[in-house]
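Undergrad: Right, I'll just put the structure down here and ask away after.
In the working numbering, the protein residues as written are 47 to 410.
Structure representation (C-alpha cells):
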C-alpha cells in the first residue's frame with residue numbers, strides 16, 4: 047500500500063482527530079459505531095451524523111498523512127499507534143478519553159510493562175532529590191517501569207534514577223516528539239530510548255509545547271500506570287493534577303510526606319490527609335499494588351517474599367499478640383534465640399512488640 051493511498055488505515059483516525067469540536071470520547075464512540083465506514087457518506091448519513099460533521103470527516107487528509115509517514119521514516123523506532131494497534135497500552139485504552147493516536151519513539155512494547163508514574167516539583171528540595179534517588183531503584187528492581195513527563199526537577203530525576211538502576215522508563219511529552227521540552231533534556235530522552243524505554247505523545251511530532259497540553263498529558267501519565275507517586279509538590283502544583291486524574295481513573299495515589307516548614311511538601315501532606323498512601327519506603331508502594339493487578343502481585347512477591355528474614359519464625363507470629371515462648375514452641379527453637387531474632391525483626395519492621403508478645407507488621 048502506498049503512502050498516498052486513499053484507503054490508508056490511518057486516514058479515518060486522522061479525520062476523527064482533525065474534526066473540530068470532536069473530543070476523544072465522542073470520537074472513539076463514532077469509531078466504535080462506524081470504524082472505517084467513517085469515509086463512507088452513506089454510512090455517516092445512516093448513523094445520523096450532521097452534515098457539518100460529515101464535511102469534516104470526509105475532508106481529505108492525505109497531506110497530513112504524508113507528513114506523518116515521513117516522520118516515521120525519519121528515524122528508527124518511530125510508531126503511530128491507533129487505539130486498535132496491539133502495542134497500544136492496555137491500561138490507557140481502558141479510559142474513555144484515551145488518545146485516538148499515540149506517537150511513539152523507542153520500544154513500543156514497553157508501553158505495556160507494569161508502570162508507576164513518578165511526579166513532583168520542578169524545584170525540588172535537597173530532601174526531595176534524595177527521596178527520589180533512594181526510592182526509585184528498589185521499585186525498578188521489583189519490575190516496575192517508571193513513567194514521568196521529562197520535566198525539570200523530580201521528573202528528570204526519576205527518569206535518571208531509573209536508568210541508573212538499569213530499568214525501563216517512559217516519558218510523556220506535552221509537545222510533539224520532534225520538539226523535546228525542555229531542550230536540555232534532549233540527551234536524557236535519547237538515553238531513555240537507547241535503554242529500552244519510549245517517548246510518547248498525543249501531539250503531532252512537529253507541534254511545539256503549549257501550556258494547555260501539559261495538563262492533558264498528565265492524564266496519559268496516570269492512565270499508563272498502576273499508580274502515581276508524588277515525591278514532592280507544593281499546594282498548587284501540576285503534580286496534583288496528575289494525582290486527581292489518577293483518582294478519577296481508579297489508580298492508586300502515593301505521596302511522600304514532608305516537614306510542614308517545607309512549602310514543597312504541602313501538596314503531598316494534603317494528599318495524605320485526603321487518603322493518599324503515605325510512603326516512607328519502596329515497599330509501601332509495592333504492598334499496595336499487590337492487590338491492584340496480577341502484574342503487581344508478581345512484583346510484590348519478587349520484592350518481599352523471596353527475601354523474608356527468618357521465614358520459619360515469621361510464619362509463627364500471628365496478627366494477634368503471640369508470646370515469645372509460644373513462637374519458640376511452634377518453630378522448635380530455643381527461646382533466647384527467638385527473642386534475639388524478634389528484636390532484629392522488630393528493628394527491620396517485620397514485627398511489632400505489643401502487650402502480650404509480638405504481632406506481624408503490615409510489611410510482612
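Glycine included, C-beta positions come from ideal geometry on N, C-alpha and C.
Apply the 10 Å Cβ neighbour rule to residue 297 and answer buried if 16 or more other Cβ atoms are within range, or exposed otherwise.
TA: By the neighbour-count rule (16 or more Cβ atoms within 10 Å), residue 297 is buried.
Undergrad: Work out the CA separation of residue 307 and residue 80 for me, nearest whole Å.
TA: The alpha-carbon atoms of residue 80 and residue 307 are separated by roughly 56 angstroms.
Undergrad: Go ahead and label residue 191 buried or exposed: buried means 16 or more other beta carbons lie within 10 angstroms of its beta carbon, across all protein chains shown.
TA: Classification of residue 191: buried, given that the 10 Å Cβ count is 16 or more.
Undergrad: Output the distance between the C-alpha atoms of residue 388 and residue 207, rounded to the nearest integer angstrom.
TA: C-alpha separation (whole angstroms): 34 angstroms.
Undergrad: Expressed to the nearest angstrom, what Euclidean distance is found between the alpha-carbon atoms of residue 355 and residue 180?
TA: Their backbone Cα atoms lie some 22 angstroms apart in a straight line.
Undergrad: I need the boundaries of the alpha helix (DSSP H) containing residue 172, first residue and last residue.
TA: Here the alpha helix (DSSP H) through residue 172 covers 172 to 187.
Undergrad: Exposed or buried, what is residue 136 when buried is set at 16 or more other beta-carbons lying within 10 Å of its beta-carbon?
TA: Burial call: exposed.
Undergrad: One question on the structure: do residue 261 and residue 280 come within less than 7 angstroms of each other, judged by their Cβ atoms?
TA: No. Outside cutoff.
Undergrad: Assign residue 151 to one of three DSSP states: helix, strand, or coil.
TA: Correct three-state label for residue 151: strand.
Undergrad: Out of curiosity, what's the CA-to-CA distance linking residue 376 and residue 326?
TA: Cα-Cα distance, rounded: 33 angstroms.
Undergrad: Going by alpha carbons, who is nearest to residue 129 out of 78, 93, 399, 165?
TA: Residue 129 has its Cα closest to that of 78, out of 78, 93, 399, 165.
Undergrad: Are three or more beta carbon pairs between the segment 229 to 236 and the segment 111 to 130 nearer than 8 angstroms?
TA: They do not touch, by the three-pair rule.
Undergrad: Taking the alpha-carbon positions, what's the residue 140 to residue 295 distance?
TA: So the alpha carbons of these two residues sit roughly 9 angstroms apart.
Undergrad: Mapping the DSSP letters down to three states, classify residue 140 as helix, strand or coil.
TA: Correct three-state label for residue 140: coil.
Undergrad: How would you label residue 93, buried or exposed, when you count the other beta carbons within 10 angstroms and need 16 or more for buried?
TA: Exposed, since its Cβ has fewer than 16 Cβ neighbours within 10 Å.
Undergrad: Measure from the alpha carbon of residue 251 to the alpha carbon of each residue in 210, 214, 315, 147, then state which is nearest.
TA: For residue 251, the nearest C-alpha among the options comes from 147.
Undergrad: Just to confirm, are residue 220 and residue 282 a CB contact at a threshold of 7 angstroms?
TA: For residue 220 and residue 282, no; Cβs fall outside 7 angstroms.
Undergrad: Bridge partners for residue 323 per DSSP, in chain order?
TA: For residue 323, which the question treats as bridged, DSSP gives the partners 300.
Undergrad: Give me the residue from 131, 60, 187 with the minimum Cα distance to residue 160.
TA: Ranking 131, 60, 187 by Cα distance to residue 160 puts 187 first.
Undergrad: Do you know offhand how far residue 341's Cα is from residue 289's?
TA: In this prediction, residue 341 scores a pLDDT of 48, lower than 50, which makes its location untrustworthy; the coordinate-derived value is nonetheless stated afterwards. If I take the Cα positions, the gap works out to 21 angstroms.
Undergrad: Enumerated in chain order, which unbroken segments of the alpha helix (DSSP H) with a length of 4 residues or greater are wholly contained in the segment 50 to 100?
TA: Runs found: 57 to 64, 70 to 80, 87 to 92.
Undergrad: Looking at residue 66 and residue 82, is the spacing between their C-beta atoms short of 7 angstroms?
TA: Cβ atoms of residue 82 and residue 66: not closer than 7 angstroms.
Undergrad: In terms of alpha-carbon separation, which member of 404, 378, 382, 399 lies closest to residue 364?
TA: Out of 404, 378, 382, 399, 404 has the C-alpha closest to the C-alpha of residue 364.
Undergrad: Please name the residue or residues paired with residue 125 in a DSSP beta bridge.
TA: Answer is 150.
Undergrad: Would you tell me roughly how many angstroms separate the C-alpha atoms of residue 173 and residue 236, rounded to the nearest one?
TA: Going by the C-alpha atoms only, they are around 28 angstroms apart.
Undergrad: To the nearest angstrom, how far is the alpha carbon of residue 399 from that of residue 392?
TA: Their Cα atoms are separated by approximately 7 angstroms.
Undergrad: Indicate the three-state DSSP secondary structure (helix, strand or coil) for residue 214 in the structure shown.
TA: Here residue 214 sits in coil by DSSP.
Undergrad: What separation, rounded to the nearest whole angstrom, lies between the Cα atoms of residue 338 and residue 324?
TA: Because the pLDDT at residue 338 is just 48, under 50, the model does not fix this residue reliably, and the point stays unresolved.
Undergrad: Helix, strand or coil for residue 244 per DSSP?
TA: Residue 244 falls in the strand class under three-state DSSP.
Undergrad: Can you have a look at residue 91 and say buried or exposed, based on whether 16 or more other CB atoms are within 10 angstroms of its CB?
TA: Exposed.
Undergrad: Secondary structure at residue 194, three-state DSSP: helix, strand or coil?
TA: Strand, per DSSP.
Undergrad: Given a threshold of 16 other Cβ atoms within 10 Å of its Cβ, counted over all protein chains shown, does residue 113 qualify as buried or as exposed?
TA: So residue 113 counts as exposed.
Undergrad: Excluding sequence positions up to five away, which residues of its chain have a Cβ less than 6 angstroms from the Cβ of residue 213?
TA: Counting only Cβ-Cβ distances below 6 angstroms, and skipping sequence neighbours, we find 186.
Undergrad: Run through DSSP, which three-state label would residue 392 get?
TA: DSSP places residue 392 in helix when its eight states are reduced to three.
Undergrad: When you compare the CB positions of residue 277 and residue 166, do they come within less than 7 angstroms of one another, or not?
TA: It is a contact, given that the beta carbons lie within the stated cut-off.
Undergrad: Residue 300: buried (16+ other C-beta within 10 angstroms of its C-beta) or exposed?
TA: Buried, since its Cβ has 16 or more Cβ neighbours within 10 Å.
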